[in-house]
Amino acid sequence: MKRAALLLCVALLGGCATAPQGPAAVPAHLFADARFGAPSETIDTSRLFTLSPAMHDYLRSPRFREMIRSEGRERGLIDALYKEGELKLDYDATATRPAAETFDLKSGNCMSLVIMTAAFARELGFQVTFQQVRVDETWSRQGALYMANTHVNVVLGWRMVDRLDSNEFREQFVVDFLPQKDAAHYRTTALKEETVIAMYANNRAAEALAEGRVADAYWWSRKALEVDPAFTMAYNTLGAVYQRHGDYTMARHAFGEVLAREPDSRIAMQNLVPVLEALGHADEARDMRARLVKLDPEPPFYFFELGKAAMERRDYRSARDLFAREVKRAPYYHEFHFWYALASLQLGETETAHKELALARETSTTAGNRERYAAKLQHMRSMLPKTRRR
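What follows is the structure, given as C-alpha cells:
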C-alpha cells in the first residue's frame, strides 16, 4: 500500500452496521421536516452508479482494452483504476461522491471508490457484491460528536456469459483497501445495495454537519433512513443533527431509537449523555455514564485525553506513554500519531517524533492534513543531523 490512509473507510456517525434488533420501519415521530429549511443541494441517490460519457470513453480506450486483454478482466480493471502510472485514483476522505464525480476528480473516500469500482464492474458485466468487513472498531470525533469507522469492500463475481459459456471455475475477486494479507483474515457480512446507498447518504449527512450545513445534514440523514430504515447508523446521525440544531428532545428520541435496536451501542450512549444533561436529566445522564464505564472502562480517546492533560502540565514523559497506548489500539488515526510526535519532540526524542509525524501524514484522510503534516515533517527533517536524515 502506498499510504496507510487507504486502510480505513470514511467515518460514519453511529455504531456498527449490524442487523437491527427492533422493528425495521422508521417511527414517524423521528422526523421534523418543518424545523429545517430547504436543502442547498439536490438530495438524490438515484445516479450513484451511473457512468458518465467520460467513463464510457475510458472503457473504450485502447489502453484500457489492452490492460483487460493482457491481465484479465478483473485484474485489468483494478490496475487500470488504481495502479501507479494508470488512471491512479487517489484516496481523500474529504467528501463522499457518486461514481461519475469520483472519476472526474480522480479521488474519493472509501465509499466513493467502492461505488465507482462497482459502477465500472457492472458495466463490464460482473456480478457485484458489497460486504461489510469486521475490522476492529475505531472511533473519531468532530467536536463533541463521536463517530465510528466502518469498512466496506466489493466482490466481483463472474460475468453471466462466462458462467453460461464455460465450465471453468474462477474465484471471486475481492477489491479491498486493506492489505490482502490482512483482509483475508477478517470476517465479512454481505450488504444489500440499499444499505450501501444508505451509507452513502449517511456519509453526506455527516459531511454536511461537519461543515455547518445542518439543513442539508437533516435531509441527507432522512434520505438514508428512507432508503434503508434498518440502517442504525443513520439514526445516530439524525440525533447528531437534532443536537446541533438545538432540538434536544428530538435528539433524545433518535439516539433512543438506536438503543432500542442496539441496546449496547456505546456511541449512541456517548452522544446521548450531553443531550440528557441539556434537558436537565442529570440523574439519567449520570446513570448512562456509569453504564458506559461498565461496558468500557477505557473507551476510545481515553488515553488521548489523559495525554493532552499531561501535556498541559508539561509532564511530557507521561504524555508520550499515554499517546503511545492510544496509538497501539488505534494505529490508523492521524491525530494520535501527531500528539505522540509532539510529546516525543519535547523529550528530545527526535527520531521517534520524526517517525510518528510521518505516520500522522500517512494515516491522514484528507489532502489538506497530509500537506500540513508534510510541511511539519520537512521542517523536522531540516533540523536532523545529515547522518540521521531519511
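Take the sequence shown: its letters are residues 23 to 412, numbered as in my numbering. For glycine and all other residues, C-beta sits at the position ideal for the given N, C-alpha and C.
- In this structure, Ser366 lies near Ala375, with their beta-carbon atoms less than 8 Å apart.
- Phe325: member of the alpha helix (DSSP H) spanning 324-334, first to last residue.
- Contact check for Val295 against Met310 passes: the beta carbons are separated by less than 8 Å.
- Taking the CA atoms as reference points, Glu373 sits about 18 Å from Ser340.
- CA-CA distance, Thr67 to Val236, rounds to 19 Å.
- Look at the beta carbons and you see the stretch 259-275 touching the stretch 239-250: at least three pairs across the two are nearer than 8 Å.
- Annotation note: the stretch 249-300 contains no uninterrupted beta strand (DSSP E) run of length 3 or greater.
- Phe152 places its beta carbon less than 8 Å from that of Val176.
- Under DSSP, Asn175 takes part in a beta bridge, and its partners are Gln153.
- Of all C-beta pairs linking the stretch 215-231 to the stretch 61-76, three or more are shorter than 8 Å, placing the two stretches in contact.
- Remark: C-beta atoms of Ala300 and Tyr270 approach each other more closely than 8 Å.
- Taken through DSSP and simplified to helix, strand or coil, Thr64 comes out as coil.
- Secondary structure of Gly147 (DSSP, three-state): coil.
- Taking 8 Å as the cut-off, the Cβ atoms of Leu213 and Gln154 count as close.
- Of the other Cβ atoms in all chains shown, fewer than 16 fall within 10 Å of the Cβ of Pro75; this residue is therefore exposed.
- Taking Lys128 as reference, the option from Arg87, Leu103, Leu314 with the minimal CA-CA separation is Leu103.
- Going by DSSP, Ala56 is part of no alpha helix (DSSP H) at all; its letter is neither H nor E.
- Secondary structure of Ala230 (DSSP, three-state): helix.
- Under the DSSP definition of a beta bridge, Leu213 partners with Phe152.
- In the same chain as Glu96, and ignoring 5 residues on each side of it, the C-beta atoms closer than 6 Å to its own belong to Leu178, Phe195, in chain order.
- Between the alpha carbons of Asp101 and His303 lies a distance of about 56 Å.
- For Ala230, the number of other beta carbons within 10 angstroms of its own is at least 16, and it is reported as buried.
- Here DSSP, grouped into helix, strand and coil, assigns Gly94 to coil.
- Listed in chain order, the non-local C-beta contacts of Ala396 below 8 Å within the same chain comprise Arg383, local neighbours out to five positions each way being set aside.
- The C-beta of Val315 has fewer than 16 other C-beta atoms within 10 Å across all chains shown, which makes the residue exposed.
- Scanning Asp337, His267, Arg313, Asp305 for the CA closest to the CA of Leu281 turns up Arg313.
- When secondary structure is reduced to three states using DSSP, Ser129 falls in the strand class.
- Rounded to whole angstroms, the Cβ separation of Phe360 and Val349 is 10 Å, and the two are not in contact under 8 Å.
- Just so you know, the alpha carbons of Leu298 and Gly268 end up roughly 12 Å apart.
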